[in-house]
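Below you'll find the structure, written out as structure tokens, and then a few comments.
Number of protein chains: 2
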Amino acid sequence: MARTGRRPGQTQTREDILAAARKQFGERGYAGATIRGIAAEAGVNPALVHHFFGTKDQVFIAALNIPINPLALAETILDGPREEIGVRIVRLFVGFWNDPDIAQTFLALVRSVAGSPQVAELIRQFFENAVLKVVGAELGIPKLRLAGAASQMMGLAMLRHIVGVEPLASATDEEMVELVAPVIQHYFDA
Amino acid sequence: MARTGRRPGQTQTREDILAAARKQFGERGYAGATIRGIAAEAGVNPALVHHFFGTKDQVFIAALNIPINPLALAETILDGPREEIGVRIVRLFVGFWNDPDIAQTFLALVRSVAGSPQVAELIRQFFENAVLKVVGAELGIPKLRLAGAASQMMGLAMLRHIVGVEPLASATDEEMVELVAPVIQHYFDA
Chain L
5 MARTGRRPGQ TQTREDILAA ARKQFGERGY AGATIRGIAA EAGVNPALVH HFFGTKDQVF
65 IAALNIPINP LALAETILDG PREEIGVRIV RLFVGFWNDP DIAQTFLALV RSVAGSPQVA
125 ELIRQFFENA VLKVVGAELG IPKLRLAGAA SQMMGLAMLR HIVGVEPLAS ATDEEMVELV
185 APVIQHYFDA
Chain P
5 MARTGRRPGQ TQTREDILAA ARKQFGERGY AGATIRGIAA EAGVNPALVH HFFGTKDQVF
65 IAALNIPINP LALAETILDG PREEIGVRIV RLFVGFWNDP DIAQTFLALV RSVAGSPQVA
125 ELIRQFFENA VLKVVGAELG IPKLRLAGAA SQMMGLAMLR HIVGVEPLAS ATDEEMVELV
185 APVIQHYFDA
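Quick mapping for you: the protein sequence lines, in order, are chains L and P. Mapping of the first sequence onto the working numbering: residues 5 to 194, in sequence order. Mapping of the second sequence onto the working numbering: residues 5 to 194, in sequence order.
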């Protein structure tokens, strides 16, 4: 067997850990769940959870099947002139919807958030702990302004992709950037 | 019986019309449903539907139990200096959530929109026909910019009231006005 291939049983172990994570996050919430608890639930060593997934944030992302790496995301957003951060963010998020896998996950996530107080609570905790604290600190802007920017992107997703309001729904990605980037830039600059 | 009182049976007739309207809007969508069709479904004269509710928009609003009069809304928004329209809009919408009846309806509406493609389609048609066309024409701004402003208010409602993200959730109404009014103003001015 080649050393670079996955060992037999590895895929099953990963799936077991993700199932345990979904159970733990569902029962204890994002803040209450721990790598140790997830490992115990899955019957594996905590080191194995770290090995497969990394931090608790990353386990959460993997468990929810969010096909986006938040660290790569932050890098893309931070990599470039500060005065073009609005353009970079809107272009990035608008582009996500062109990937059918990501679009499907986003739709499920927005629907879950709106339909289930439990999922909403999970997302809230993840959002506050992982996204607002980290990105806000990195960029040195108040959490309230960052949350304002996030609310704009969330509302755009709702009206453009879930409700499908025209002319938002059929506008091009670049029309979206032109429309919304100044608003995101305002939140980061003001 | 006093001439100003409601005749016996009027309340039942109103309820019958609203039930017929929900059925017709559900089956035919906002664009396909007609006052005539709703009247036929309820077994009453179309003039009675007009008498009780007014236009198709107003029947839709009443059928969905949206406790807001869009005409009164438009007046409040338009009544004042153009350069303060962002402040007026944000203060008005943020204030709605302090009324438990309105808050309950908004929550149900956002949840329905996210959970049901049929409700989303109804809201989409209502939004495009009644809100964007009318308000956009009145204010002389492009529908795309108006939809951008609406997406900001929708996203704010999602994160502040449904997901409950801090510090949005516990910020005061005036902090919300300070945060978001410049964005709404931008959409109306640019």
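Virtual Cβ for every residue (Gly too), placed ideally from N, Cα, C.
- In this structure, G140 (chain L) lies near L150 (chain L), with their beta-carbon atoms less than 8 Å apart.
- Between the alpha carbons of V169 (chain P) and P146 (chain L) lies a gap of roughly 14 Å.
- About 7 Å separates the beta carbon of A153 (chain L) from that of F192 (chain L), a gap short enough to meet the 8 Å contact definition.
- Taking a C-beta distance under 8 Å as the contact criterion, P171 (chain P) and G90 (chain P) do not qualify as a contact pair.
- Put simply, the backbone Cα of L96 (chain L) is about 18 Å away from that of S174 (chain L).
- Using beta-carbon distances, P186 (chain P) counts as an interface residue toward chain L, with a partner under 8 Å.
- Under the Cβ distance rule, H165 (chain L) does not count among the residues neighbouring chain P, no pair being separated by less than 8 Å.
- Listed by position along chain P, the residues whose Cβ is nearer than 9 Å to that of I127 (chain L) are V167 and V169.
- Burial check for R92 (chain L): the Cβ neighbour count within 10 Å reaches 16 or more, so the residue is buried.
- Our two residues, H54 (chain P) and Q189 (chain L), have alpha carbons roughly 47 Å apart in a direct line.
- Non-local C-beta neighbours of L77 (chain P) in its own chain, meaning closer than 8 Å and more than five positions away in sequence, comprise L96, ordered along the chain.
- Against chain L, the CB of G99 (chain P) has no partner CB under 8 Å away; the residue lies outside that interface.
- H55 (chain P): member of the alpha helix (DSSP H) spanning P50 to F57, first to last residue.
- Shown here for Q156 (chain P): same chain residues with a beta carbon closer than 7 Å to its own, the five before and five after excluded, namely V184, V187 and I188 in chain order.
- Nearest C-alpha to I166 (chain L) among P:L126, P:I166, P:T176 and P:E182: P:L126.
- With distances taken between CA atoms, F131 (chain P) lies nearest to P:D61 out of P:E45, P:D61 and P:R26.
- Rounded to whole angstroms, the separation of the alpha carbons of N69 (chain P) and Q14 (chain P) is 18 Å.
- Taking 8 Å as the cut-off, the beta carbon of V98 (chain P) is found closer than this to the beta carbon of D177 (chain P).
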